[in-house]
Structure formats: C-alpha cells, structure tokens
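These notes concern the structure reproduced below.
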Amino acid sequence: MRDTVLLQLICGVLAILSFPLVKAEDPYKYYTWTVTYGTLSPLGVPQQVILINGQFPGPRLDVVTNDNIILNLINKLDQPFLLTWNGIKQRKNSWQDGVLGTNCPIPPNSNYTYKFQTKDQVGSYTYFPSTQFHKAAGGFGGINIYQRPRIPIPFPNPDGDFTLLIGDWYKVNHKALQQTLDSGKSLPFPDGLLISGQAHSTITGDQGKTYRFRISNVGLSTSLNFRIQGHTLKLIEVEGSHTIQNAYESLDVHVGQSFSVLVTFNQPPKDYYIVASTRFTKLVLTATAVLHYTNSQKPVSGPLPVGPTYQIHWSMKQARTQRWNLTANAARPNPQGSFHYGKITLTKTIVLANSAPLINGKQRYAVNRVSYINTDTPLKLADYFNIPDVFSVDSIQSVPSSGPAYIATSVIPASLHDFLEVVFQNNEKTIQSWHLDGYDFWVVGYGFGQWTPASRKSYNLVDSLTRHTAQVYPNSWTTIYVSLDNQGMWNMRSAIWERQHLGQQLYLRVWTPVQSLRNEYHIPSNALLCGKALGHHP
C-alpha cells in the first residue's frame, strides 16, 4: 500500500514538472473566400470590378502574430486567378506566395486552399491579385497583424483602428487596360483616386480619443500624399517596423507601401477633410473623405489642406526621418535594435538598373537589360521537380551592362544565409517602387545620380527601417540590405503594375544543398500543377 501511494506521488510530481514543457500549437483561423465579378461605380460610372465575398475592397484579415491561416479561395471569374500576400514573409514557404513564379493559377470554377503562418510578424500589410491585370479591377484588401497579448506595444492602446486603402483608379475595364499594354502601348493617366474603394466616405470618432490609421497605397502606378485637415499624424509603424514616433503634417505613401499613424481627435468638434493626392504628376488628382467627430454639428469647410508640391528633395528628406525605434520590440520581446544589421559583413552586391526599352517595336520594361516573361511552368515547380529548360540562373547579370534589351525568364542565384547589398539604380525621370516577396529589408540609403561604392559613406547603418517596398526617386538610387534567411524562389518586382506586367521583375533563388524542414517546408499535398509539371506528384 505504501509503495502504491509513493508511486502515485512520484507520478503526480513528474506530471506537474512536465506540464510546462507542453507547448500548445499556435491558433488556426479558417476562411472561405469566393472571387466574382460585380458592377459598381467607384468613380460614378458603372464598371466591372472584382469582389471577394461580395465586397469591394475585399475582406480585411485581422490576425495575430503566429496565427496559422487556412484560406480556401474559390475562383468564379472567367480567367485563372491568384492572390499574393504583400509583405507576408511566408517563412520557409514560398509555395504559398501566390505569384506565377511559385504557383499555378487557380482555374475558373476551381479552388485552392492557401496554408501559411504569420510567423514573427506584426503590422500593416495588404493582399491583391497577381495574375493578368486583375489588380486594376479590385480583389485587394488589408491585412492587420496584431501583437500577441504578452508582447507589449510601444504606444498606448488606441481607441479604435481604421484601415484606409488609397490608390489610383481607371474607369476602363481591366481587360481593356491589359490589351493596351499587350499591344505595346503605355497606360493613360489614371481617371481618379479612391479611398477604401470609394470616392467619398466618412470615418467617425470621439473628441479627445486617439485612433490608429493604417494607410496603404494599393494603386497601380502613382505615389500619393496623405493628410488630415487640422490634425497631425504620429508615425508608429511601417510594414512591421515600430518607428521613432515623429509627427507629420502629411506623409508620402508610394505604390505598395503601408504606414500606421496615431491621430488624436483634439480639435474643435466639426468635420474635417481626409485627403489623398498624387505626387510627382503634372496633373494632381485628389480624393477626399470626411473625419467626423461624433459631437460635430458642422460639416467640412474651408480649403483642402495643402500637400507638398513636386519636390523630390522634400520627399527624400522625409523618408530619411522614418527610422527604427531601437528600444521597441516588434513581434518578439527583444528590442529591434538588438539586431545590428550594420555590422554584418556583406556577401555580395547586386545593382539593378531599370529601363523602358522598345522590344520588337513594343513598349517593355527591363532590369539590367532583361525584360522578364512568365513561363507556363512556375519556376518553383521546375526547381523542385528538376524540370529543364524552364529558367536559367545565368539569364541576368547582377550589375548593369550596355547593349540592347531582350526578353528572358530572369533568375538571380543566391545562397541561404547570404547578406546582400542591393542597389536600385533609377536612370529614368519617373519614380520607381520595388518590392521583394518573402522578406523585409533595411533601406539603408537614398541618393541622387549614380550610385558608386563611395555612396556607402551616406548609409544609415544604425536605425534604418525594415520594410518590404522601397521607392527610388527619379535619376536616383536606393540601397537595401537583406538577410537571406528564407529559402525559396522569391519575386523581386516593380510595384508599379504596368512595369511589372511588361517585364520589370525577376526572381531571387535562395538555395542551399542541405534540404531540411528547418530550411523549407515540403511541397503542399494540394499544390496545383501546370505546364511541364503536369504528371508529377507533390
């Protein structure tokens, strides 16, 4: 009897001691989204738009760091379709990236279930269609990733949270726009701007309270300036980076970029203008919404708040003021500044120069003379199944060179754990916007003219922001540092969608000979197969 009781006590103690070692799995969130056409009038003229679950813009994803997302996407369009998750790192999982270099498109009247995790991320992001020219019809929406409860945020909890999707818009059907591009012509100037899919909308809050505004440029081509009449914008977050909390009268938001600001309703109770207007354009387009105090008895009045003029210097100077809060955490409890990116030895330098050549008499866009063309077989599948003659890692040089432009499926090779310096050299008169899937990166420098090794003297190697999309000013350069800790085939592209569609993109193949689940997940069992991958088995 005594031995039995003693044994029970020992087992009980062991059970208690072992309990803390049991780790619950991160939460799962399930969604079903149906993609259809609908007719709306965003700029006052009926036109065909893309709806998700009947919504334009699409549903907002509100998730928490490390949530597992299971999203069944049903395509009811008359064309193949994919969504890409703009800024979501897809850790070890480029299989879910949602671009034609990694995924076969979802055929009409078919479906695909995305499975990914918001691993070690917080902040404001977006999703949008990556196929054809569908982005010009809608299908975009916001992704808000919130902190886990035990991880603090470096600002007081706001009294509310608003997501504003701003962008340029055309009245012309997206198929007609694509036909214009495919015929070798550039797109005309946009017809107008929208704020969250509308030309006019209202945001309501209480006097004395502070609200978080998440602002994303989901447009096709145009940098925008955002401002609110009579109110300051306190910058708190940029694409997952917690920032030094500077106050701004207005913010430039370039194509593909996202910001979070705090706005305190500390003015007399009335209605105020919310304004988005185009930057670096001869004709300035403007969209307005209304900031409404709940105790307001007065409608909006007075002139619109004035935005910056064409000044490129002003915009670059503002960009340099947006810096990491070194003592704040992001998704993890350790401070952002504990990662000393400026002290890491660079593995190699890549210089990418954009251009706008004519190829066979048609307008194309190129990087280091190569204008990218998609293949019928996604590069990721060709790599996985060892399918030859789909792409070559010798298809593009890592520095600019002279000579005529040409069409190819351009892939730059890199090794897992490389630490790259990438210079975007813009020799054109228009502003550029560059995005890298699967990663965030440090934007360490901006400068005018030609980049040279001496330009490194101006880099910020202490508190540059990490983000996923960087602007490059006309006749200027922008440099990023990126730590290649995410194996896969990753799209590096212009966020300006005409340029992306006509070749200003490439893929970065981050590879290691050691194949392990520590580096990359297996191909999903539900992977769609197409092109030369048909007949293979996941």
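FYI, in mature numbering (1 follows the signal peptide of the UniProt record, and there is no 0) the residues of the sequence shown are -24 to -1, 1 to 514. Every residue gets a Cβ at the ideal spot worked out from N, C-alpha and C, and that includes glycine.
Item, Value
"What would DSSP say about L157, mapped onto helix, strand or coil?", "helix"
"Using 8 Å as the Cβ pair cut-off and three pairs as the minimum, do the region 333 to 347 and the region 380 to 391 touch?", "yes"
"Which partner residues of D38 appear in the DSSP bridge assignment?", "N120"
"Looking at the structure shown, is residue 517 part of a helix, part of a strand, or coil, going by DSSP?", "Past the boundaries of the shown model lies residue 517; the chain is included only from -24 to 514, so the question cannot be answered."
"Where does Q312 fall in DSSP's three states?", "helix"
"Which whole runs of the beta strand (DSSP E) in the region 42 to 69 are 3 residues long or more, in chain order?", "44 to 51, 59 to 62"
"What is the residue span of the beta strand (DSSP E) that H268 lies within?", "262 to 269"
"If S100 and S192 are in contact, beta carbons under 8 Å, what's the gap, nearest whole angstrom?", "7 Å"
"Below 8 Å on the Cβ atoms is my contact criterion, and I expect F32 with G173 to pass it. Report the Cβ-Cβ distance as a whole number of Å.", "5 Å"
"Under the rule that 16 or more other beta-carbon atoms within 10 Å means buried, what is V387, buried or exposed?", "buried"
"Assuming V346 contacts A384 under a Cβ cut-off of 8 Å, what Cβ separation, rounded to an integer in Å, is found between them?", "5 Å"
"Using 10 angstroms around the beta-carbon of I46, count the other beta-carbons present and answer buried if the total reaches 16, otherwise exposed.", "exposed"
"When the Cα of G20 is compared with those of Y341, H444, A358, W145, which residue comes out closest?", "W145"
"Which term fits L259, buried or exposed, when burial requires 16 or more other beta carbons within 10 angstroms of its beta carbon?", "exposed"
"What separation, rounded to the nearest whole angstrom, lies between the Cα atoms of K274 and G181?", "15 Å"
"Under the DSSP definition of a beta bridge, which residues are partnered with D144?", "L169"
"Strictly by DSSP, which residues pair up with S86?", "N51"
"Are the CB atoms of F165 and V237 nearer to each other than 9 Å?", "no"
"Counting only the same chain and skipping the five closest in sequence on each side, list residues whose C-beta sits under 6 Å from that of S431.", "G423"
"Tell whether a beta-carbon distance below 9 Å holds between N62 and T102.", "yes"
"May I have the straight-line CA-CA distance separating Y317 from D416, to the nearest angstrom?", "13 Å"
"Measuring CB atoms only, is the region 244 to 259 touching the region 304 to 314, in the sense that at least three cross pairs come out at less than 8 Å?", "no"
"Using a 10 Å radius around the Cβ and a threshold of 16 neighbouring Cβ atoms, would you call R494 buried or exposed?", "exposed"
"Which residue comes first and which comes last in the beta strand (DSSP E) that contains Q24?", "23 to 28"
"Under three-state DSSP, which class holds H218?", "strand"
"Leaving aside the five residues before and after I320 along the sequence, list all residues of the same chain whose C-beta is less than 7 Å from its C-beta, in chain order.", "F395"
"Specify the secondary structure class of residue 535 as computed by DSSP and reduced to three states.", "Outside the modelled stretch of the chain, which goes from -24 to 514, sits residue 535, for which no answer is possible."
"Using the three-state DSSP reduction, which class does D359 fall into: helix, strand or coil?", "helix"
"Given L322, which residues of its chain have a CB within under 8 Å of its CB, disregarding the five upstream and five downstream residues?", "F395, L396, E397, Y457"
"Taking all protein chains shown into account, decide if L58 is buried (16 or more other Cβ within 10 angstroms of its Cβ) or exposed.", "buried"
"Name, in chain order, the residues that DSSP records as bridge partners for M465.", "R485"
"May I ask you to list the residues that DSSP assigns as paired with G99?", "I121"
"Measuring straight from C-alpha to C-alpha, what distance separates V214 and P134?", "17 Å"
"For V327, which beta-bridge partners are listed by DSSP?", "V399"
"Three or more C-beta pairs under 8 Å: does that hold for the region 362 to 373 against the region 490 to 505?", "no"
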